[in-house]
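This report refers to the structure that appears directly beneath it.
Number of protein chains: 2
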Amino acid sequence: MKKKIPDKTVQRLSVYYRCLYFLSQQGTGEISSKSLADLLEMKPDQVRKDLSYFGKFGKRGSGYYVPDLVQQIAKILGLEHGRKVAVVGMGNLGTALAAYKGFEVLGFNVVATFDVSPQKIGKKIRGVMCYGMKDLNKVIKEKNIEMALLTVPPEVVQEVTSAIVAAGIKAILNFSSVTLNVPKGVKASDVDLASELKSLSYFMTTSNR
Amino acid sequence: MKKKIPDKTVQRLSVYYRCLYFLSQQGTGEISSKSLADLLEMKPDQVRKDLSYFGKFGKRGSGYYVPDLVQQIAKILGLEHGRKVAVVGMGNLGTALAAYKGFEVLGFNVVATFDVSPQKIGKKIRGVMCYGMKDLNKVIKEKNIEMALLTVPPEVVQEVTSAIVAAGIKAILNFSSVTLNVPKGVKASDVDLASELKSLSYFMTTSNR
DNA sequence: AACTGTGAAGTCGTTCACAGCA
DNA sequence: TGCTGTGAACGACTTCACAGTT
C-alpha cells in the first residue's frame with residue numbers, strides 16, 4: 000500500500016468497478032479473480048495484482064465478496080458521494096455527454112452546462128440548466144463543481160480552461176484535439192477521437208496484432 | 000524496419016500527423032525532432048525513435064522535411080485515399096460524430112449512418128443519409144465502407160457488431176461500455192467515457208502525479 | 001482443495017548517449 | 001557543428017510461480 004501505483008492499474012480499476020457494480024446488482028455474492036478475469040477477458044494474476052495495490056480485499060480459498068469490493072473501489076475512486084460535473088460547450092457532442100446515462104448511474108452528476116449561444120442560455124437542456132460563459136465562475140463556485148467535460152472549439156480551449164480552473168475545477172476531460180495546458184494540481188485527460196480512428200486505420204492496413 | 004512496432008508508437012504517429020499536417024499548411028519546410036517534440040510536449044528521442052521504426056525520413060544536420068513526412072505518415076496510416084466510415088446508432092453521440100469536422104479533414108469520410116428509428120430512416124442527417132438496420136449489409140457492401148463508429152445501446156452491441164462484420168467492416172470504434180467480441184482480422188477499439196472520468200476522479204482524490 | 005497476495009522473472013516501452021552523416 | 005538513427009541501459013508493467021490462508 001506504500002508503493003507507487005501504476006496508472007494502468009487505476010484505469011483498470013474503473014473497468015473492475017463497472018463489472019462488479021453490475022454483478023452486485025445481479026445479486027452476486029462472491030467471485031474469484033479467475034471468474035472476474037474471464038468476464039473481462041484478462042488474466043487472473045492481473046486482477047489480483049491490481050487489487051493488491053490498494054489492500055487485501057479477498058478471502059483465500061473463496062474469492063472476493065462483491066458488495067464489499069464495490070464499496071472499496073468506489074471509495075478508492077472517490078465515488079462514494081456523487082461528483083458534480085459540468086459540460087462546457089453544448090454542441091452536438093456536449094449535448095450527447097450531458098444526456099449520457101452511463102455517468103449518472105456511476106456517481107457522476109451533470110449539474111450545469113455552459114455555452115455561448117443565446118438560444119441555449121437560460122434554457123434547460125436534457126433537464127440541466129445551460130448558463131452563459133460569463134457565469135462560469137459564479138456557477139462553478141456556487142454549485143461546488145469539481146469536474147468539467149470540455150467540448151468547445153479549439154480556438155477557445157485554452158481560454159476556457161483557464162477560466163474554469165480559476166473557478167475551482169480540479170479535473171478536466173478534454174474532447175478537443177488540442178493538448179491542454181493546466182497548472183499542477185489539476186488533472187486533465189484527453190479523448191482524441193480522430194487519433195483513435197487513425198490507429199485503427201493503421202492496424203487495418205497491416206496484419207500485426 | 001523489420002522489428003515489431005510498439006502499439007504506443009502507432010498511436011503517437013496519429014499525433015505527429017495532426018501536428019505536421021497543421022505545420023505543412025502553415026508552410027513550414029523543415030523541422031527538427033527537438034522542435035516537434037517541444038510543440039507536443041514530449042522528448043526528441045521519443046520522436047526520432049518512433050519515426051525510425053518506419054524508415055529514415057530525416058536529414059542529419061537539419062531535420063525532417065515537413066511536406067514529405069506528412070505524406071509518409073499518411074501512407075503508413077493508410078490515409079492516402081479517404082477512408083469510408085459509417086456511424087451506426089444515431090442518438091446524440093452518433094449525431095455528434097457524424098457531424099464532427101475533425102474526421103473529414105484528416106481523411107475520414109462519413110458516407111452513411113444507420114438507426115432503428117423510423118423518424119430518422121430515409122432522411123439526411125447533417126448531409127448524410129440515414130438507413131435502417133435492415134439495409135446494413137447492402138449499404139456497407141455497395142459503398143465499400145471499411146470502418147464503423149458504434150454508438151448503439153449495450154443490449155444490441157454484439158448483435159449489430161456481428162452484422163457489420165459480416166457485411167465487411169474491418170475496423171470498429173466502439174463507444175458503448177461493453178467489450179466487443181470480434182473475429183480475427185477485425186480491429187476493434189473502445190472509447191470508454193465513464194472509465195476516463197473515473198480515472199480522473201481517482202487522480203483528484205490523491206496527490207500523486 | 002481452492003484461491004489470494006506478492007516477490008521474482010520476464011517483457012515491453014522509454015531514455016540515454018554516442019557514432020555517423022550533412 | 002547540428003541533428004539523425006540506434007544499440008544499450010533503464011524503468012514500467014505483466015506474468016510467473018509459489019507460499020500462505022481458509
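Protein chains in written order, with numbering that gives the first Met the number 0: chain B, 0 to 208; chain A, 0 to 208. Just so you know, even glycine gets a beta-carbon here, dropped at the ideal spot from N, CA and C. Quick caveat, the model's predicted, so the values are computed rather than measured.
* **B:T204: contacting residues in chain A (beta-carbon distance under 7 Å)** => Start at 1 with the first residue of the first sequence, and residue 204 of chain B comes out as number 205. Ordered by position in chain A, the residues that pass the 7 Å Cβ test against B:T204 are G77.
* To do: Using only the heavy atoms of the ligand ATP, determine whether one of them is closer than 7 Å to the beta carbon of B:M41.
  => Annotation note on the ligand ATP: not contained in the displayed structure, which lists no ligands.
* Straight-line Cα distance separating A:P66 from A:Q25 -> In the second sequence, residue 25 of chain A corresponds to position 26, counting from 1. In the second sequence, residue 66 of chain A corresponds to position 67, counting from 1. Rounded to the nearest whole angstrom, the C-alpha separation of A:Q25 and A:P66 is 11 Å.
* Asked: So, does the CB of B:A165 fall closer than 8 Å to a CB anywhere in chain A?
  -> Within the first sequence, numbered from 1, the residue matching residue 165 of chain B stands at position 166. Not closer than 8 Å to any Cβ of chain A, the Cβ of B:A165 fails to qualify, so no.
* Nearest chain A C-beta to B:S200 closer than 8 Å, yes or no? -> For the purposes of this step, residue 200 of chain B is taken as the residue at position 201 of the first sequence. Closer than 8 Å to some Cβ of chain A, the Cβ of B:S200 qualifies, so yes.
* **Beta-carbon spacing of A:F113, A:A85 below 8 Å** => As a position in the second sequence, residue 113 of chain A is number 114, starting the count at 1. As a position in the second sequence, residue 85 of chain A is number 86, starting the count at 1. A contact, by the Cβ cut-off of 8 Å.
* **A:D44, buried or exposed, once every other Cβ within 10 Å from all chains shown has been counted against 16** => Numbered from 1 along the second sequence, position 45 holds the residue referred to as residue 44 of chain A. Its Cβ having fewer than 16 others within 10 Å, A:D44 is exposed.
* Asked: Which value, in whole angstroms, describes the spacing of the CA atoms of B:R11 and A:S161?
  -> One-based indexing of the first sequence puts residue 11 of chain B at position 12. One-based indexing of the second sequence puts residue 161 of chain A at position 162. About 26 Å.
* Asked: In chain A, which residues lie less than 7 Å from B:V14 when you measure between Cβ atoms?
  -> Taking the first sequence and counting its residues from 1, one reaches residue 14 of chain B at position 15. S194, listed in chain order.
* To do: Report all residues from its chain with a CB closer than 7 Å to the CB of A:A187; omit the five preceding and five following residues, and keep chain order.
  => Position 188 of the second sequence, counting from 1, holds the residue named residue 187 of chain A. The residues I171, N173, L179, V181, in chain order, have a CB closer than 7 Å to that of A:A187 in the same chain once the five nearest residues on each side in sequence are set aside.
* To do: Please look up how many angstroms separate the CB atoms of B:L76 and A:S200, rounded, as I've assumed it's under 8 Å.
  => As a working mapping, residue 76 of chain B is identified with position 77 in the first sequence. As a working mapping, residue 200 of chain A is identified with position 201 in the second sequence. B:L76 to A:S200, Cβ: 5 Å. Contact.
* Is the shortest distance between the beta-carbon of A:M146 and the beta-carbons of chain B less than 8 Å? -> The residue labelled residue 146 of chain A in the question sits at position 147 within the second sequence. Look at A:M146: its C-beta is under 8 Å from a C-beta on chain B.
* Chain-ordered neighbours of A:A111 on chain B, where CB pairs are closer than 8 Å -> Here residue 111 of chain A corresponds to residue number 112 of the second sequence, with the count starting at 1. By Cβ distance, chain B contributes nothing, its closest Cβ being about 16 Å from A:A111, past 8 Å.
* Residue from A:C129, A:I4, A:S13 whose Cα sits closest to the Cα of A:S51 -> For the purposes of this step, residue 51 of chain A is taken as residue 52 along the second sequence, with counting starting at 1. Of all alpha-carbon atoms in A:C129, A:I4, A:S13, the one lying nearest the alpha-carbon of A:S51 is that of A:I4.
* Expected contact under 8 Å - CB spacing of A:K133 and A:G167 to nearest Å -> If you number the second sequence from 1, residue 133 of chain A lands on position 134. If you number the second sequence from 1, residue 167 of chain A lands on position 168. Rounded to whole angstroms, the Cβ separation of A:K133 and A:G167 is 17 Å, and the two are not in contact under 8 Å.
* Consult DSSP for A:N91 and reduce its assignment to one of helix, strand or coil. => Position 92 of the second sequence holds residue 91 of chain A. Note: A:N91 maps to helix in three-state DSSP.
* Asked: A:F202 lies in the alpha helix (DSSP H); which residues open and close that run?
  -> For the purposes of this step, residue 202 of chain A is identified with residue 203 of the second sequence, where counting begins at 1. Run containing A:F202: 192-204, per the alpha helix (DSSP H) assignment.
* Asked: Since A:F102 meets chain B, which of its residues come closer than 8 Å, beta carbon to beta carbon?
  -> The residue you call residue 102 of chain A lines up with position 103 of the second sequence. For A:F102, the chain B residues whose C-beta falls within less than 8 Å of its own C-beta are L192, A193, L196, listed in chain order.
* Can you name the start and end residues of the beta strand (DSSP E) that B:L172 belongs to? -> Along the first sequence, one-based indexing puts residue 172 of chain B at 173. Its beta strand (DSSP E) spans residues 170-173.
* How about B:S198 and A:V9: are their beta carbons less than 8 Å apart? -> Here the question's residue 198 of chain B lines up with position 199 in the first sequence. Here the question's residue 9 of chain A lines up with position 10 in the second sequence. Note that the C-beta distance between B:S198 and A:V9 is below 8 Å.
* Asked: Listed from N- to C-terminal order along the chain, which residues in the segment 37-58 of chain B have their beta-carbon within a distance smaller than 8 Å of any beta-carbon of chain A?
  -> Answer set for the segment 37-58 of chain B: L39, E40.
* **Exposure of B:K122, with buried meaning 16 or more beta-carbon neighbours within 10 Å** => For this step, residue 122 of chain B is matched to residue 123 along the first sequence. Label assigned to B:K122: exposed.
* Asked: Could you give the residue range of the beta strand (DSSP E) that holds A:T112?
  -> Reading the second sequence from its first residue, position 113 is the one you call residue 112 of chain A. DSSP places A:T112 in the uninterrupted beta strand (DSSP E) bounded by 107-114.
* **A:L76 - containing alpha helix (DSSP H), residue span** => Here residue 76 of chain A is taken as the residue at index 77 of the second sequence, counted from 1. It spans 65-76 - the alpha helix (DSSP H) in which A:L76 sits, taken as one unbroken run.
* To do: List in chain order: all unbroken alpha helix (DSSP H) runs of 4+ residues lying wholly within the segment 120-145 of chain B.
  => Restricted to the segment 120-145 of chain B, the alpha helix (DSSP H) segments that are unbroken, complete and at least 4 residues in length are 135-142, listed in chain order.
* Enclosing alpha helix (DSSP H) for A:S51 [first to last residue] -> Here residue 51 of chain A corresponds to residue number 52 of the second sequence, with the count starting at 1. Looking at the DSSP string, the run of the alpha helix (DSSP H) that includes A:S51 is 43-51.
* Below 6 Å CB to CB, which residues in the same chain sit around A:V46 once its five sequence neighbours on both sides are set aside? => Within the second sequence, numbered from 1, the residue matching residue 46 of chain A stands at position 47. Around A:V46: S32, L35, A36.
* Quick one: measure Cβ to Cβ for B:V110 and B:V87, integer angstroms, because I've assumed they're closer than 8 Å. => Here the question's residue 110 of chain B lines up with position 111 in the first sequence. Here the question's residue 87 of chain B lines up with position 88 in the first sequence. Approximately 13 Å separates the beta-carbon atoms of B:V110 and B:V87; this is outside 8 Å, ruling out the contact.
* To do: Return no unless some Cβ of chain B is closer than 8 Å to the Cβ of A:F21.
  => Here residue 21 of chain A refers to the residue found at position 22 of the second sequence. The beta carbon of A:F21 does not come within 8 Å of any beta carbon belonging to chain B, so the residue lies off that interface.
* Asked: Taking Cβ-Cβ distances shorter than 7 Å, what residues in chain A pair up with B:K186?
  -> By one-based count along the first sequence, residue 186 of chain B stands at place 187. Within 7 Å Cβ-Cβ: L199, F202, M203.
* With a cut-off of 8 Å, does the C-beta of B:R17 fall near any C-beta of chain A? -> Along the first sequence, read from residue 1 onward, the residue named residue 17 of chain B stands at position 18. For B:R17, a Cβ of chain A is located within less than 8 Å of the residue's own Cβ.
* Residues bridged to A:L149 (per DSSP) -> For this step, residue 149 of chain A is matched to residue 150 along the second sequence. A:V87, A:N173.
* **Beta-carbon spacing of A:K185, A:V155 below 8 Å** => The residue labelled residue 185 of chain A in the question sits at position 186 within the second sequence. The residue labelled residue 155 of chain A in the question sits at position 156 within the second sequence. Residue identity differs from the one stated: residue 185 of chain A is Val in this sequence, not Lys. Contact: no.
* Asked: Which residues in the same chain have their Cβ closer than 6 Å to the Cβ of B:D49, if we skip the five residues on either side of it in sequence?
  -> Residue numbering aside, residue 49 of chain B sits at position 50 when the first sequence is read from its first letter. If you ignore the 5 residues before and after B:D49, its C-beta comes within less than 6 Å of the C-beta of T8, R11, all in its own chain and listed in chain order.
* In chain order, what residues of the same chain have a beta carbon less than 8 Å from the beta carbon of B:V115, not counting five sequence neighbours either side? -> Counted from its first residue, the first sequence places residue 115 of chain B at position 116. Taking C-beta separations shorter than 8 Å and ignoring five residues to either side along the sequence, the partners of B:V115 in its chain run G131, M132, following chain order.
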